[in-house]
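Just so it is clear: in the sequence shown, position 108 is 108 by full-length UniProt numbering, and no numbers are missing.
See below for the structure under consideration.
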Amino acid sequence: MASKSVWRSIQQGARRSAASPQGSFRCFSCSVRARQEQTPTPKTDANGRMTHFGFETVPESQKETLVGNVFSSVAASYDTMNDLMSLGIHRLWKDHFVRSLNPGSSIPSRLNETEKGWNILDIAGGTGDIAFRMLDHATKINNDHKTRVTVADINTEMLAEGKKRSIETPYYNTDRLSFRQANAEKMPDIPDNSVDLYTVAFGIRNFTDKQAALNEAFRVLKPGGVFACMEFSKVESDLFNEVYKRWSFSAIPIIGQLVAGDRASYQYLVESIEKFPSQEEFRGMIQKAGFLIPGVGYENLTCGIAAIHKGVKPLRKE
């Protein structure tokens, strides 16, 4: 009875907000309607190309700034955000993600190379969550003290949060961990065929041109290098999907307002999940970039709330 009462109050709050021009505590069914009613028809930019920002349609040239504002706002509460979006299990997903990649292990295609350790590029990894886990795994599991991670993020506030957190790690101020500002869709400072592992966790759905980012990942990876992405995805079960959407669209923006004082950013984040391609569609995009797909190409986590995608850059033909 208590749980029904909670859900009823959340839904009533969402309905009241949808009826008011000022309200944004929306349920899934009214999110689209409210956005359509409140958002003016956008003007195209110079190239005429449009893209989505959550459920809104915006010029491509504006999305980077809009997404940047969201992550500048949530940088300090990033863990709280992921707790809400993943029902609190994103840490287990990240641990599994890193174990499945086994950083620091021997790479058969590099047995004759003099360079030691892996060169890992962690994209949209500003807070360091994945980078710290990669280095811990390489060091403690594979006794590898040469693997290094470059954390790249377009957002300076996210990078600042990661640098602050790195002070508490043994990798602070060493050549094994570095931070840089970069746009994943174009990284001219990173040479071709220079990276062993490219990771992006819960970031690629926010990119303006996802295919361009995948193409750039292919360029910077060495032959035999691995692209690995973990992202919120499409839930497999219709029943569980309905429950998860109710939670996402009705509760998360409200809790975002209460916990972080930022309703709008959390509203965008749940909408961005809904707009992200399905597992099969994203697998096709990875293949289009030139990657070979191992097995089915993805692994669903917790009934598809999230999924791990992998691709391998083909070895050069002798």
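Cβ coordinates follow ideal geometry from the N, Cα and C atoms, glycine included.
These numbers come from a predicted model, not from an experiment.
Excluding the five sequence neighbours on either side, which residues of its own chain have a C-beta within less than 7 angstroms of the C-beta of K234, listed in chain order? In its chain, beyond the 5 residues on either side, S278, Q279, G304 have a beta carbon closer than 7 angstroms to the beta carbon of K234.
Please say whether G128 and R165 have beta carbons closer to each other than 8 angstroms? Taking a C-beta distance under 8 angstroms as the contact criterion, R165 and G128 qualify as a contact pair.
DSSP three-state assignment for V296, whether helix, strand or coil: coil
Give me the Cα-Cα distance between E236 and V243, rounded to the nearest whole angstrom. 12 angstroms
Could you please give me the residues that DSSP links to H96 through a beta bridge? Answer is none; H96 lacks a bridge partner.
If we call anything under 8 angstroms between Cβ atoms a contact, is V151 one with A131? yes
Let me know if P223 comes out buried or exposed under the rule of 16 or more other beta-carbons within 10 Å of its beta-carbon. Exposure of P223 is indicated by the presence of fewer than 16 other C-beta atoms within 10 angstroms of its C-beta.
Option in H309, Y198, W247, P294 with minimal Cα separation from N125: The displayed chain sequence assigns Gly, not Asn, to residue 125. For the residues H309, Y198, W247, P294, the minimum Cα distance to G125 belongs to Y198.
What residues are listed by DSSP as bridge partners for T199? D122, A228
Applying the 10 Å Cβ sphere with the 16-neighbour rule, what's the burial state of T174? exposed
Tell me A131's beta-bridge partners as DSSP assigns them. In the DSSP output, where bridge partners are listed per residue, A131 has none listed.
When you compare each of T51, A201, S106, I154 to H90 by their alpha carbons, which one comes out closest? A201
Applying the 10 Å Cβ sphere with the 16-neighbour rule, what's the burial state of I167? exposed
Just list the beta strand (DSSP E) runs in the segment 168–194, keeping only unbroken ones of 3 residues or longer that don't cross its boundaries, in chain order. 177–181
Look up I308 in the DSSP assignment and say whether it is helix, strand or coil. strand
Euclidean distance between Cα positions of L159 and D79: 14 angstroms
Own chain, CB closer than 7 angstroms to F282, minus 5 neighbours either side, in chain order: H309
In this structure, does DSSP put D262 in helix, strand or coil? Secondary structure at D262: coil, using DSSP grouped into helix, strand and coil.
Is the CB-CB distance between D192 and R219 below 8 angstroms? A Cβ-Cβ contact shorter than 8 angstroms links D192 with R219.
Quick one: Cα of K146 to Cα of Y172, how far? Cα-Cα distance, rounded: 14 angstroms.
Check whether the Cβ atoms of G76 and E216 sit closer than 8 angstroms, and answer yes or no. It is Ala, not Gly, that sits at residue 76 in the sequence shown. Against a cut-off of 8 angstroms, the Cβ pair of E216 and A76 comes out as no contact.
Integer Cβ distance of P294 from V270, believed to fall under 8 angstroms: Actually they are not in contact, since the Cβ atoms of P294 and V270 sit about 30 angstroms apart, beyond 8 angstroms.
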